[in-house]
Amino acid sequence: MDLHRRGVSISGARNSENGDARTGGSAPRGAPAPLAELRARPANPYSTDASTSLTDLVLIRSMQLLLFLACLWFVSIIFAVADESSNGAAQSAQIPPTHSSSIGNSKLRPRVQTSQTLDTNAIQSIRNEIDIDDAIKSTRKEIGQIRQRFYTRYGGQHEATAMLNKGLRTFGEQDNDSSLHATAVRLLRSIVEHESSPGSNGAKFVMSFAGYSVTVGRGNHWSQSYPFVMEGIIKPILEMAPLGIELTVRNSAIGGIPSFPYGWCLSNFLGDDSDSVSWDYGMNEGNGASGLESYVRQSLMLPNSPPLFILLDMKGPRLNLLQQYADLGYLPDSIALGGRDAVSKELLLLPESDRPEGLKEWDIWGAPKGAPGQSPWHPKKKEHELMGWMLAIRMLNAVDRALEIMKRDANWRHSIPPRNAAERRVLPRPIHDQTKSGAGSMLNGTPFSDDDSKWQMNKVSCRTSFLPNISGKLESIVESGVANDDEDMLQTRDDSLFHGNWVMDVGKLERDTKIKVQKYGGLGYIDMKTALYGIPSSGTLRMIIPHESHAAEVGVSPNAGESADKYFHSLVLCEVNEKRGDDECKMTEDLDFRLGGESVPRSDISQVKGVASYLKKDICIRIDIPAGATILLDGSAPGLLLEVTVSGKTVSRENGACSISHVIWENIR
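Using my numbering, the first residue of the sequence shown is number -5, and each one after it goes up by one.
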């Protein structure tokens, strides 16, 4: 009876509170409830119905308060532990703290677990994973937006993709998937190497560009050349979390030069820290691939080998050469880049107003009208932009792949192979024979004695006066015989300077061209073909050639008085590549040489044929080390003394003085 009454009372109480007329009437608000209703208990012990007693209500509220305070206490402990883990990460992690100058959050990369408690590490790991996932998502969103800009800029996704497929080629397998992966690994390796180097200020990636006047950007501003167009697109992306990679782009192209002797001087022009190397074969070196192969083999000797190799050319023999080196595993992600041929002619035939944005003003130069270099064979501003965009999209695809690797595998660092210096020194058998050039070992190397399928290359050193020059200036090995002249290179040198001295100068055509460029503000160009010039009255030029070894290798240092041919194989001297007429200085006939105190007979001086040639003129000579030549101690450093004099009586400034712009030598040991 009591239970029945409780049920009715509870129902009545609830209906009464809601003012339900179905109860047959209800007590006025504020009226005391019947005793039976006060004793009734709700089904839910945490209910606050009117039927709850005052004592029960106080008890329930107290329990709720205690639970709430317990939750607050537990949450505060979690945040305190997490903050302590975050503040101590830089000191306790096995990987050095990441650089965050442009990222703004050094917690975006996972830390290696330390001696802290498992719970602390688990909490920190979760926070890092969340941060990295968010960063990857944000960076990929930016990449997607840039792709859309590319599509819009070049006529929609279909047209833009067609241009990309026609204007850029890679050489990996499986639809270039392996090539893309190789570039992604390069980017990730830069992060790993930064984290493992205590003195590093951040992950870095250096893309260096070389070539002719096309790469320089002649006819436009230097800053409008395709390497810098690419830089402007991808640099902000690489700086974003979780990558945090600082991109450096160098345009070290020099107008009007062949691939050699430039290829012997890659460290000088591009830098030993280069992750990518390029050359522009579009104009002056025919359709063959022998010069490209020698250039590639020189690039494989750089410290960051193998480089991401970029070829500005689409000629079949050279594409085949890159494919062969890709198949052999030496160039896993090389790129061939085209230009105007990638553009649909139908789009260029449209009225200017109907063209996509990237093809408008296609025939307009970036520099003011009339500036030097505005020739039909040079790309105009919009063509440079197209080349830069195509290369940028390829690089962004690799960035996207790198982000996918980071997202898929929290331990991705363990999958990045380290550089192997010894392995990089092993080259494949060359496809082209350079023995007839007279400098075969310096161009392609020599086979191992026990296996002619594997080749090696001695350290080839260079000193040059051409600009831009990052390291290894020609003046650094000059001991005596050069005029002390601080005049601007564009000023004509007086004849009196050449009496008793060789003179650092530029040729007439080079000076005239630079003066014309100055009328347009210089256009930003930094290249210049300077050289040491001499005539019979200039006397003897003396240089000390140091012995050098490959980077990261300990060489054998020669001692004074030792035979020079134990440490040096041969020398190559190159002149400025300028056509000056039949009466100009001829290096093999008009120069006398002494090496290591011994005269060099004419029979030991030969022209380097074919590879170091410009406008059908060979510009380099090879000098063999004479018997009896010895090492000289120059201060504290031993070296080989080179002495040069002009012996040709008819040599003059008017007809073309003798010049030396490159000194290159092959070290032994």
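C-beta atoms are modelled at their ideal positions from N, C-alpha and C, and glycine is treated no differently. Since the structure is predicted, the reported quantities are computational estimates derived from the model, not experimental observations.
Q.
DSSP three-state label for ILE425, please.
A. coil
Q: Taking PRO462 as part of the beta strand (DSSP E), name the residues at either end of that continuous run.
A: From DSSP, PRO462 is part of no beta strand (DSSP E); its letter is neither H nor E.
Q.
Can you check which of these residues, HIS426, ALA204, ARG180, is closest to LEU664 by C-alpha distance?
A. Because the chain in this structure spans residues -5 to 663, residue 664 falls outside the shown range and cannot be described.
(Q) Assuming contact is defined by CB atoms lying nearer than 8 Å, are LEU158 and MET384 in contact in what I supplied? (A) yes
Q | Three-way DSSP call (helix, strand, coil) for GLU569 in this model | A | coil
(Q) Measuring straight from C-alpha to C-alpha, what distance separates VAL472 and MET537? (A) 4 Å
(Q) At the level of alpha carbons, what is the spacing between LEU636 and GLY250? (A) 28 Å
(Q) According to DSSP, ILE329 sits in a beta bridge with which residue or residues? (A) THR164, ILE304
Q | contact_flag[the region 427 to 437, the region 207 to 219] where n(CB pairs < 8 Å) is 3 or more | A | no
Q: Select from TRP258, GLY352, PHE199 the residue whose C-alpha is nearest the C-alpha of ARG143.
A: GLY352
Q. Cα separation between ARG183 and THR155?
A. 29 Å
Q) When the Cα atoms are used, what is the spatial distance from GLY98 to SER474? A) For GLY98, the pLDDT reaches just 35, beneath the cut-off of 50, and the residue's location in the model is therefore unreliable, although a value from the coordinates is still provided. Near 53 Å, if we compare the C-alpha coordinates of SER474 and GLY98.
Q.
Bridge partners for ASN661 per DSSP, in chain order?
A. PHE562
**Q.** MET201 (DSSP reduced to helix, strand or coil)
**A.** strand
Q) Is SER409 helix, strand or coil when you go by DSSP? A) helix
Q | Under 8 Å between C-beta atoms of ASP612 and VAL602 | A | yes
**Q.** Minimum C-alpha distance to VAL566 - residue among GLY257, GLY166, LYS643, ARG349
**A.** GLY257
Q: Would you identify the three-state DSSP class for TRP359, choosing helix, strand or coil?
A: coil
Q: Check whether the region 641 to 654 touches the region 554 to 565, counting contact only when three or more Cβ pairs, one atom from each stretch, lie closer than 8 Å.
A: no
Q | Straight-line Cα distance separating LEU468 from THR644 | A | 26 Å
Q. Of all Cβ atoms in chain C, is any one closer than 8 Å to the Cβ of GLY364?
A. Any reference to chain C falls outside this structure, which holds one protein chain only.
Q. So GLU398 is in the alpha helix (DSSP H); what residue range does that whole segment cover?
A. 375 to 402
Q. Which same chain residues, not among the five before or five after PRO620, have their C-beta less than 8 Å away from its C-beta?
A. LEU589, GLY590, GLU592, SER593, VAL594, PRO595, ASP598
Q. When burial is assigned at 16 or more other CB atoms within 10 Å of the CB, is LYS376 buried or exposed?
A. buried
**Q.** Under the three-state DSSP convention, the category MET581 falls into
**A.** helix
Q) How long is the line joining the alpha carbons of SER409 and SER191, rounded to whole angstroms? A) 18 Å
Q: Below 8 Å on the Cβ atoms is my guess for SER338 versus VAL271; work out the distance and round it to an integer in Å.
A: About 31 Å separates the two Cβ atoms, so there is no contact after all.
Q | Short Cβ contact (8 Å threshold) for LEU162 with LEU305 | A | no
Q: Would you decide whether GLU287 is buried or exposed? Buried here means 16 or more other CB atoms lie within 10 Å of its CB.
A: buried
Q) Who are the near neighbours of ARG423 in its chain, counting only those whose CB is closer than 8 Å to its CB and skipping five residues on each side? A) PRO441, ASP446, SER447, LYS448, TRP449
Q.
For LEU294 and ASN438, I'd like the C-alpha separation in whole angstroms.
A. 11 Å
**Q.** Alpha carbon of LEU241 to alpha carbon of LYS160, nearest angstrom
**A.** 27 Å
Q | PRO362 versus THR507: straight-line alpha-carbon distance, rounded | A | 16 Å
Q) What residue from HIS426, ASP394, VAL210, ALA235 has the CA that sits closest to LEU315's CA? A) HIS426
Q: Consult DSSP for ILE228 and reduce its assignment to one of helix, strand or coil.
A: helix
Q | Where TYR148 falls: helix, strand or coil (DSSP) | A | coil
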